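Novice: Be aware that the sequence shown starts at 1, since it is given in the UniProt record's numbering, and climbs by one per residue.
From the three backbone atoms N, C-alpha and C, an ideal C-beta is built for every residue, glycine too.
For clarity, every value in this text was computed on a predicted model and none was experimentally measured.
Dropping the structure in here first, questions after.
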Amino acid sequence: MQIAPHIDAVLISHHYDHLDAASMAYLHRRFGAALAWFVPPGLRKWFARCGIAHARELDWWQQAPLGDQGA
1 MQIAPHIDAV LISHHYDHLD AASMAYLHRR FGAALAWFVP PGLRKWFARC GIAHARELDW
61 WQQAPLGDQG A
């Protein structure tokens with residue numbers, strides 16, 4: 001992934017067993033805290049171990065405004 005356009009959010013809905021830690025780290029380095037991460041329940045700790053401490057867990061049918069990254 002050499003060049004990524006500006007993105008505001010990453011949404012991981014399911015099949016998170018296919019997550020690539022190197023890709024997640026690249027996106028985090030490229031966009032930092034400005035990038036919102038929305039992940040399924042139970043994955044916040046995994047993202048925190050990868051250095052992404054502001055991932056927000058959402059369950060099916062939950063929603064959050066894009067600008068609201070609080071836990």
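Report the start-end ranges of each beta strand (DSSP E) in the UniProt domain "Metallo-beta-lactamase" (4 to 69) that is 3 residues or longer and not cut off at the edges.
Specialist: 9 to 11, 36 to 39
Novice: Using a threshold of 9 Å, state whether the C-beta atoms of Pro40 and His14 are closer than that.
Specialist: Here residue 40 corresponds to residue number 40 of the sequence shown, with the count starting at 1. Here residue 14 corresponds to residue number 14 of the sequence shown, with the count starting at 1. Cβ atoms of Pro40 and His14: closer than 9 Å.
Novice: Using C-beta distances below 8 Å, list every residue in its chain close to Leu66, excluding the 5 sequence neighbours before and after it, in chain order.
Specialist: In the sequence shown, the residue the question calls residue 66 occupies position 66. A distance below 8 Å between beta-carbons, with the five flanking residues on each side excluded, links Leu66 to the following residues of its chain, in chain order: Asp8, Ala9, Ala36.
Novice: Which residue wins for smallest C-alpha separation from Arg44, given the options Ser23, Leu58, Pro5?
Specialist: Sequence index remark: in the sequence shown, residue 44 carries index 44 (1-based). Comparing Cα positions, the closest option is Leu58.
Novice: For Ala34, does the count of other Cβ atoms within 10 angstroms reach 16, so buried, or fall short, so exposed?
Specialist: By 1-based counting over the sequence shown, the position of residue 34 is 34. Counting every other CB atom within 10 Å of its CB across the protein chains shown gives Ala34 a total below 16, marking it as exposed.
Novice: Beta-carbon separation of Ile52 and His28 under 9 Å?
Specialist: Numbered from 1 along the sequence shown, position 52 holds the residue referred to as residue 52. Numbered from 1 along the sequence shown, position 28 holds the residue referred to as residue 28. For Ile52 and His28, yes; Cβs fall inside 9 Å.
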